[in-house]
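S.K.: First the structure, which I've put down as C-alpha coordinates, then a few questions once you've had a look.
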Amino acid sequence: MNLAYLLSQPGVEEVLELRGTFGFMAFHGGSLEERTDLIASQAARDSNSSYYGVHQPAGLRQHVPSHRFTADQSESLAAFLSHVDVVITVHGFGRRGLFTTLLLGGSNRQLAKHTSTHLRQALPAYGVQDDIEQIPKELRGLHPANPVNVPRLGGVQLELPPRVRGTSPLWWDWEGPHPTPHTVALITALAESARTWRSDSSGSKTVDYPTSV
758 MNLAYLLSQP GVEEVLELRG TFGFMAFHGG SLEERTDLIA SQAARDSNSS YYGVHQPAGL
818 RQHVPSHRFT ADQSESLAAF LSHVDVVITV HGFGRRGLFT TLLLGGSNRQ LAKHTSTHLR
878 QALPAYGVQD DIEQIPKELR GLHPANPVNV PRLGGVQLEL PPRVRGTSPL WWDWEGPHPT
938 PHTVALITAL AESARTWRSD SSGSKTVDYP TSV
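Per the numbering used here, the sequence shown starts with residue 758, numbered consecutively.
Here you go:
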(Lines of atoms letter the chains of each structure in order from A and count residues from 1; the text may use other names and numbers.)
(Lines give C-alpha, C1' and ligand atoms only; values in the text may rest on other atoms or scores of the structure.)
Protein backbone atom coordinates (compact mmCIF):
# COMPACT_ATOMS: atom_id res chain seq x y z
CA MET A 1 0.00 0.00 0.00
CA ASN A 2 1.25 3.48 -0.86
CA LEU A 3 0.12 7.09 -1.11
CA ALA A 4 -1.32 6.70 -4.60
CA TYR A 5 -3.53 3.84 -3.41
CA LEU A 6 -4.68 5.82 -0.39
CA LEU A 7 -5.57 8.86 -2.49
CA SER A 8 -7.71 6.66 -4.74
CA GLN A 9 -9.98 5.68 -1.85
CA PRO A 10 -13.41 7.38 -1.58
CA GLY A 11 -13.52 10.29 0.82
CA VAL A 12 -9.78 10.72 1.28
CA GLU A 13 -8.86 14.40 1.19
CA GLU A 14 -5.46 15.76 0.19
CA VAL A 15 -4.85 19.31 1.41
CA LEU A 16 -2.13 21.72 0.26
CA GLU A 17 -1.71 25.24 1.64
CA LEU A 18 1.46 27.02 0.54
CA ARG A 19 2.60 29.97 2.62
CA GLY A 20 6.03 30.32 4.23
CA THR A 21 9.00 28.00 3.85
CA PHE A 22 8.46 26.44 7.28
CA GLY A 23 6.05 23.54 6.90
CA PHE A 24 3.69 21.38 8.92
CA MET A 25 2.38 18.01 7.77
CA ALA A 26 -0.29 15.56 8.94
CA PHE A 27 -0.42 12.82 6.33
CA HIS A 28 -1.91 10.29 8.74
CA GLY A 29 -4.74 12.70 9.49
CA GLY A 30 -8.49 12.37 9.70
CA SER A 31 -9.80 9.19 11.30
CA LEU A 32 -6.41 7.44 11.45
CA GLU A 33 -4.32 9.51 13.90
CA GLU A 34 -7.11 11.71 15.17
CA ARG A 35 -6.71 15.48 15.55
CA THR A 36 -3.22 15.50 14.03
CA ASP A 37 -4.55 17.36 10.99
CA LEU A 38 -6.35 19.89 13.19
CA ILE A 39 -3.19 20.52 15.22
CA ALA A 40 -0.81 20.77 12.26
CA SER A 41 -3.07 22.87 10.05
CA GLN A 42 -3.93 25.35 12.82
CA ALA A 43 -0.28 25.72 13.85
CA ALA A 44 0.54 26.37 10.20
CA ARG A 45 -2.13 29.05 9.85
CA ASP A 46 -1.13 30.72 13.12
CA SER A 47 2.52 30.95 12.04
CA ASN A 48 2.04 31.66 8.32
CA SER A 49 3.61 28.29 7.57
CA SER A 50 2.74 25.88 4.78
CA TYR A 51 0.62 22.78 5.33
CA TYR A 52 0.19 19.41 3.65
CA GLY A 53 -2.23 16.80 4.91
CA VAL A 54 -3.95 13.59 3.94
CA HIS A 55 -7.23 13.24 5.82
CA GLN A 56 -9.05 9.91 5.96
CA PRO A 57 -12.84 9.89 6.36
CA ALA A 58 -14.75 8.23 9.16
CA GLY A 59 -14.76 4.48 8.68
CA LEU A 60 -11.39 4.35 6.90
CA ARG A 61 -8.18 3.66 8.82
CA GLN A 62 -5.49 2.72 6.31
CA HIS A 63 -1.98 3.05 7.70
CA VAL A 64 0.51 3.71 4.92
CA PRO A 65 4.08 3.80 6.29
CA SER A 66 5.60 7.25 6.19
CA HIS A 67 8.39 6.29 3.80
CA ARG A 68 5.75 5.36 1.19
CA PHE A 69 4.53 8.95 0.96
CA THR A 70 6.75 10.01 -1.93
CA ALA A 71 6.61 13.04 -4.20
CA ASP A 72 6.37 10.99 -7.41
CA GLN A 73 2.87 9.87 -6.37
CA SER A 74 1.32 13.31 -5.81
CA GLU A 75 1.75 16.69 -7.45
CA SER A 76 0.59 18.37 -4.25
CA LEU A 77 3.15 16.57 -2.11
CA ALA A 78 5.87 17.35 -4.65
CA ALA A 79 4.90 21.03 -4.61
CA PHE A 80 4.96 21.12 -0.82
CA LEU A 81 8.33 19.40 -0.44
CA SER A 82 9.96 21.65 -3.03
CA HIS A 83 8.49 24.78 -1.39
CA VAL A 84 9.49 24.28 2.25
CA ASP A 85 12.98 24.29 3.74
CA VAL A 86 12.12 22.49 6.97
CA VAL A 87 9.08 20.70 8.37
CA ILE A 88 7.36 19.36 11.45
CA THR A 89 5.29 16.25 10.74
CA VAL A 90 2.56 15.62 13.31
CA HIS A 91 1.66 12.03 14.21
CA GLY A 92 -0.34 10.26 16.88
CA PHE A 93 0.71 7.24 18.92
CA GLY A 94 -0.27 5.39 22.06
CA ARG A 95 2.09 3.22 24.03
CA ARG A 96 2.07 1.96 27.59
CA GLY A 97 4.34 4.08 29.75
CA LEU A 98 4.33 6.98 27.27
CA PHE A 99 0.77 8.28 27.51
CA THR A 100 1.97 11.70 28.68
CA THR A 101 5.18 11.87 26.62
CA LEU A 102 5.75 13.73 23.35
CA LEU A 103 8.49 12.32 21.11
CA LEU A 104 10.57 14.45 18.74
CA GLY A 105 12.34 12.39 16.10
CA GLY A 106 13.46 13.29 12.58
CA SER A 107 16.76 14.38 11.09
CA ASN A 108 16.95 18.02 12.21
CA ARG A 109 18.02 17.76 15.82
CA GLN A 110 18.52 21.50 16.26
CA LEU A 111 14.88 22.08 15.35
CA ALA A 112 13.92 19.26 17.74
CA LYS A 113 15.72 21.03 20.59
CA HIS A 114 14.19 24.37 19.63
CA THR A 115 10.67 22.94 19.47
CA SER A 116 11.02 20.95 22.67
CA THR A 117 11.86 24.13 24.58
CA HIS A 118 8.54 25.68 23.56
CA LEU A 119 6.63 22.46 24.25
CA ARG A 120 8.04 22.09 27.77
CA GLN A 121 7.09 25.65 28.61
CA ALA A 122 3.55 25.24 27.28
CA LEU A 123 2.87 21.71 28.57
CA PRO A 124 4.49 21.30 32.00
CA ALA A 125 2.36 18.24 32.81
CA TYR A 126 3.90 16.30 29.91
CA GLY A 127 7.27 14.77 29.23
CA VAL A 128 9.04 15.94 26.07
CA GLN A 129 11.65 13.53 24.73
CA ASP A 130 14.12 14.95 22.21
CA ASP A 131 16.99 12.53 22.82
CA ILE A 132 16.86 10.42 19.68
CA GLU A 133 18.46 7.45 21.45
CA GLN A 134 15.65 7.39 24.03
CA ILE A 135 12.88 7.27 21.42
CA PRO A 136 11.70 3.79 20.32
CA LYS A 137 13.41 2.98 17.03
CA GLU A 138 10.19 2.60 15.08
CA LEU A 139 9.10 6.11 16.15
CA ARG A 140 12.34 7.97 15.39
CA GLY A 141 11.38 9.00 11.86
CA LEU A 142 14.83 8.53 10.36
CA HIS A 143 14.08 6.72 7.09
CA PRO A 144 15.54 8.94 4.33
CA ALA A 145 12.34 8.62 2.26
CA ASN A 146 10.14 9.74 5.14
CA PRO A 147 8.77 13.17 4.12
CA VAL A 148 10.10 14.66 7.35
CA ASN A 149 13.63 14.19 6.02
CA VAL A 150 13.12 15.26 2.41
CA PRO A 151 13.17 19.10 2.62
CA ARG A 152 16.53 20.85 2.36
CA LEU A 153 16.98 21.07 6.13
CA GLY A 154 14.99 17.97 7.05
CA GLY A 155 12.64 18.27 9.98
CA VAL A 156 11.09 16.90 13.16
CA GLN A 157 8.69 13.98 13.48
CA LEU A 158 6.43 14.85 16.40
CA GLU A 159 4.60 11.91 17.98
CA LEU A 160 1.67 12.91 20.18
CA PRO A 161 -0.09 10.70 22.75
CA PRO A 162 -3.91 10.72 22.90
CA ARG A 163 -4.24 13.02 25.92
CA VAL A 164 -2.56 16.05 24.37
CA ARG A 165 -4.63 15.54 21.21
CA GLY A 166 -7.82 15.56 23.27
CA THR A 167 -8.77 11.98 22.40
CA SER A 168 -8.17 10.20 25.73
CA PRO A 169 -10.84 9.35 28.34
CA LEU A 170 -9.62 12.35 30.35
CA TRP A 171 -11.64 14.54 27.99
CA TRP A 172 -14.80 12.42 27.75
CA ASP A 173 -17.01 15.30 28.88
CA TRP A 174 -15.29 18.07 26.89
CA GLU A 175 -17.91 19.73 24.70
CA GLY A 176 -15.82 22.44 23.05
CA PRO A 177 -16.47 24.15 20.71
CA HIS A 178 -12.72 24.71 20.76
CA PRO A 179 -10.07 22.00 21.21
CA THR A 180 -9.15 21.02 24.77
CA PRO A 181 -6.88 23.39 26.73
CA HIS A 182 -3.93 21.02 26.34
CA THR A 183 -4.41 20.90 22.58
CA VAL A 184 -4.70 24.68 22.36
CA ALA A 185 -1.46 25.03 24.35
CA LEU A 186 0.21 22.53 22.01
CA ILE A 187 -0.88 24.41 18.89
CA THR A 188 0.30 27.71 20.35
CA ALA A 189 3.71 26.23 21.19
CA LEU A 190 4.14 24.75 17.72
CA ALA A 191 3.19 28.01 16.03
CA GLU A 192 5.64 29.90 18.24
CA SER A 193 8.36 27.36 17.41
CA ALA A 194 7.80 28.00 13.71
CA ARG A 195 7.70 31.79 14.08
CA THR A 196 10.92 31.94 16.10
CA TRP A 197 12.91 29.38 14.09
CA ARG A 198 15.87 30.75 12.21
CA SER A 199 17.46 28.22 9.88
CA ASP A 200 21.18 28.51 9.16
CA SER A 201 24.07 26.21 8.41
CA SER A 202 23.91 24.74 11.91
CA GLY A 203 20.26 23.89 11.40
CA SER A 204 20.86 21.28 8.73
CA LYS A 205 20.16 17.58 8.97
CA THR A 206 22.29 16.24 11.79
CA VAL A 207 21.49 12.53 12.01
CA ASP A 208 23.06 9.80 9.91
CA TYR A 209 20.28 7.73 8.39
CA PRO A 210 20.31 4.10 9.53
CA THR A 211 20.13 1.56 6.74
CA SER A 212 17.75 -0.69 8.67
CA VAL A 213 14.69 1.60 8.76
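Each residue gets a CB set at the ideal place from its N, CA and C atoms; glycine is no exception. Predicted model only: the values in this text are computed from it and were never measured.
For residue 845, name the three-state secondary structure that DSSP assigns.
M.R.: Reduced to three states, the DSSP call for residue 845 is strand.
S.K.: List the whole-angstrom C-beta distance separating residue 855 from residue 918, where the pair is believed to meet the contact cut-off of C-beta under 8 angstroms.
M.R.: Rounded, the Cβ-Cβ distance is 6 angstroms, consistent with contact.
S.K.: Could you please give the first and the last residue of the uninterrupted beta strand (DSSP E) stretch that includes residue 915?
M.R.: Looking at the DSSP string, the run of the beta strand (DSSP E) that includes residue 915 is 912–917.
S.K.: Keeping to the same chain, check which residues put their C-beta closer than 7 angstroms to that of residue 826; ignore five residues upstream and five downstream.
M.R.: Cβ neighbours of residue 826 beyond the five flanking positions: 760, 784, 834 and 904.
S.K.: With a cut-off of 8 angstroms on the beta carbons, I'd call residue 883 and residue 868 a contact; round off their distance for me.
M.R.: The pair is not a contact, with the Cβ atoms about 19 angstroms apart (cut-off 8 angstroms).
S.K.: Determine the direct distance from the alpha carbon of residue 787 to that of residue 936, and round the result to whole angstroms.
M.R.: Straight-line Cα distance between these residues: approximately 15 angstroms.
S.K.: Can you tell me where the alpha helix (DSSP H) with residue 945 in it begins and where it stops?
M.R.: 938–953 is the span of the alpha helix (DSSP H), which, as asked, contains residue 945.
S.K.: Does DSSP put residue 811 in a helix, in a strand, or in coil?
M.R.: Residue 811 falls in the strand class under three-state DSSP.
S.K.: Out of 880, 766, 770 and 800, which has the shortest C-alpha to C-alpha gap to residue 948?
M.R.: Looking at the Cα atoms, 800 is the closest of the given residues.
S.K.: For the alpha helix (DSSP H) containing residue 837, list its first residue and its last residue.
M.R.: Residue 837 -> alpha helix (DSSP H) spans 832–840.
S.K.: Relative to the C-alpha of residue 810, which residue among 818, 822, 793 and 821 is closest?
M.R.: The shortest C-alpha separation from residue 810 is found at 793.
S.K.: Where DSSP assigns a beta bridge to residue 858, which residues make up the other side?
M.R.: DSSP output for residue 858 lists 884 as bridge partner(s).
S.K.: Rank 804, 797 and 790 by C-alpha distance to the C-alpha of residue 813 and give the top, closest one.
M.R.: Among 804, 797 and 790, the Cα nearest to that of residue 813 belongs to 790.
S.K.: Distance check for residue 930 and residue 845, CA to CA, integer angstroms please.
M.R.: C-alpha separation (whole angstroms): 30 angstroms.
S.K.: Please report the straight-line C-alpha distance between residue 847 and residue 953, rounded to a whole angstrom.
M.R.: Going by the C-alpha atoms only, they are around 19 angstroms apart.
S.K.: Taking the DSSP output, what are the residues bridged to residue 782?
M.R.: Residue 782 pairs with 809 and 846.
S.K.: Quick one: grab the DSSP three-state call for residue 772.
M.R.: In the structure shown, residue 772 sits in a strand (DSSP, three-state: E or B).
S.K.: Could you check how far apart the C-beta atoms of residue 908 and residue 841 are, in whole angstroms? I think they sit under 8 angstroms.
M.R.: Indeed they touch by this definition, with Cβ atoms about 5 angstroms apart.
S.K.: Can the beta-carbon of residue 876 be found closer than 8 angstroms to that of residue 885?
M.R.: Their beta carbons are under 8 angstroms apart, which means residue 876 touches residue 885 by this criterion.
S.K.: Between the Cα of residue 951 and the Cα atoms of 776, 891 and 836, which residue gives the shortest distance?
M.R.: Among 776, 891 and 836, the Cα nearest to that of residue 951 is on 776.
S.K.: Rounded to whole angstroms, what is the Cα-Cα separation between residue 820 and residue 874?
M.R.: When rounded, the distance between both Cα atoms is 30 angstroms.
S.K.: Using only CA atoms, which one of 945, 817 and 923 lies nearest to residue 770?
M.R.: With distances taken between Cα atoms, residue 770 lies closest to 817.
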